[in-house]
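Residue numbers (this note's numbering): 44 to 325.
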Amino acid sequence: MSTVPSITLNDGNIIPQLGFGVYQIKPEETAEAVSTALEIGYRHIDTAEMYGNEKEVGEAVRASGLDRGDVFVTSKLNNGFHEPQDAREAFDKTLSELGFDYVDLFLIHWPLPTLYDGDFVSTWKTLEEFRRGGRARSIGVSNFQIEHLERLAAETDTVPAVNQIEVHPYFVNDAVRRYGEEHGIATEAWSPIAQGKVLDEPTITQIADKVGKKPAQVVLRWHIERGDIVFPKSVTPSRMKENFELFDFELDPTDIGTITALDQGADGRIGPNPDTFAYVPG
Ligand code: NAD
Numbered sequence: 044m045s046t047v048p049s050i051t052l053n054d055g056n057i058i059p060q061l062g063f064g065v066y067q068i069k070p071e072e073t074a075e076a077v078s079t080a081l082e083i084g085y086r087h088i089d090t091a092e093m094y095g096n097e098k099e100v101g102e103a104v105r106a107s108g109l110d111r112g113d114v115f116v117t118s119k120l121n122n123g124f125h126e127p128q129d130a131r132e133a134f135d136k137t138l139s140e141l142g143f144d145y146v147d148l149f150l151i152h153w154p155l156p157t158l159y160d161g162d163f164v165s166t167w168k169t170l171e172e173f174r175r176g177g178r179a180r181s182i183g184v185s186n187f188q189i190e191h192l193e194r195l196a197a198e199t200d201t202v203p204a205v206n207q208i209e210v211h212p213y214f215v216n217d218a219v220r221r222y223g224e225e226h227g228i229a230t231e232a233w234s235p236i237a238q239g240k241v242l243d244e245p246t247i248t249q250i251a252d253k254v255g256k257k258p259a260q261v262v263l264r265w266h267i268e269r270g271d272i273v274f275p276k277s278v279t280p281s282r283m284k285e286n287f288e289l290f291d292f293e294l295d296p297t298d299i300g301t302i303t304a305l306d307q308g309a310d311g312r313i314g315p316n317p318d319t320f321a322y323v324p325g
């Protein structure tokens, strides 16, 4: 079995650098997918209240027979609950859906700078409460831009442990990553294989042929060597296994640079721009 490296977060907690993401996995398929992931060896699951499958994630972790402490579980605050009292109730619900008395990591899913009078600071202070109470071992943010992180730094006491942002070869997002690196915030790269869109890219397939690996493995290894945390999603066991087998090869620095040069800047985004994203589920 592969050995997944660990990353020590700025609060001293440890996160496996490779995990399993469950976005867009239907609730009725989630328990089986997570059980398979745990059997393969994944020990880090990334869910969110927005994904509607926290309950099934919790069920699979319990059914695995693993100790709760052996599986790192992340969830995220949904966009409708940024007001402090709403956030408290939503967090209680996250824990009850999961059936856990703590999450390893809890994130503000989106900054929503055009909603709530631009106030994500009081939301962040509410997550600080969850951390102080021990029910969120670590707290972080997702989709925060540099100016959002600067505001947290100026107005609050806790530096986010992670910032979970879109990163893949078509959108390398290096300015936000660099801010994180300089301020002790670990970068988690979401949609690490651009939901499959980078896998037919000739630059990637040529490197994959050269190193004798699959395109998805090459792209995921690129993330690992850049130091980011990743959690690719798949419900196909052979792909879940493939995505876990990243630790018996390396990419040379030239290939890493060639993949990074595929960056298309903002045109390469596959997800929304956090500066304008204002979706609140009904
Ligand atoms: P991803 O880049 O992981 O791609 C997933 C898709 O790629 C799958 O549906 C499948 O079609 C394909 N695929 C997976 N493995 C493959 C393989 N080995 N070979 C060929 N095709 C393969 O996309 P994602 O699910 O959007 O992102 C991963 C995780 O990131 C999510 O599950 C979620 O946990 C997180 N995420 C977070 C946010 C956020 O706003 N914080 C947004 C999107 C995703």
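Glycine included, every Cβ here is placed at the ideal spot set by N, Cα and C.
- When 62, 310, 151, 138 are compared, the shortest CA-CA separation from residue 85 is found for 62.
- Nearest to residue 238 by C-alpha distance, out of 219, 65, 202, 218, is 65.
- At a threshold of 8 angstroms, residue 286 counts as near the ligand NAD, since its beta carbon sits closer than that to one of the ligand's heavy atoms.
- The beta carbon of residue 66 sits closer than 8 angstroms to at least one heavy atom of the ligand NAD.
- Collapsing the DSSP output to three states places residue 258 in a helix.
- If only complete runs of 3 or more residues are kept, the segment 179 to 234 shows the beta strand (DSSP E) at 179 to 185, 205 to 209, 229 to 233, in order along the chain.
- In the DSSP assignment, residue 165 falls within the unbroken alpha helix (DSSP H) covering 164 to 175.
- Here residue 279 is exposed. Its C-beta has fewer than 16 other C-beta atoms within 10 Å.
- Scanning its chain for C-beta atoms nearer than 8 angstroms, with the 5 sequence neighbours on each side dropped, one finds around residue 313 the residues 209, 211, 213, 214, 234, 237, 238, 240, in chain order.
- With a 10 Å radius around the Cβ and a threshold of 16 neighbouring Cβ atoms, residue 264 comes out buried.
- Inclusion of residue 143 and residue 101 in the CB contact set at 9 angstroms is warranted, their separation being smaller than that value.
- Each residue's CA atom was taken as its position, placing residue 254 and residue 107 some 34 angstroms apart.
- Between the segment 182 to 190 and the segment 131 to 139 there are fewer than three inter-stretch CB-CB distances shorter than 8 angstroms, so the stretches are not counted as touching.
- Burial state of residue 122 is buried, judged by a 10 Å Cβ sphere holding 16 or more other Cβ atoms.
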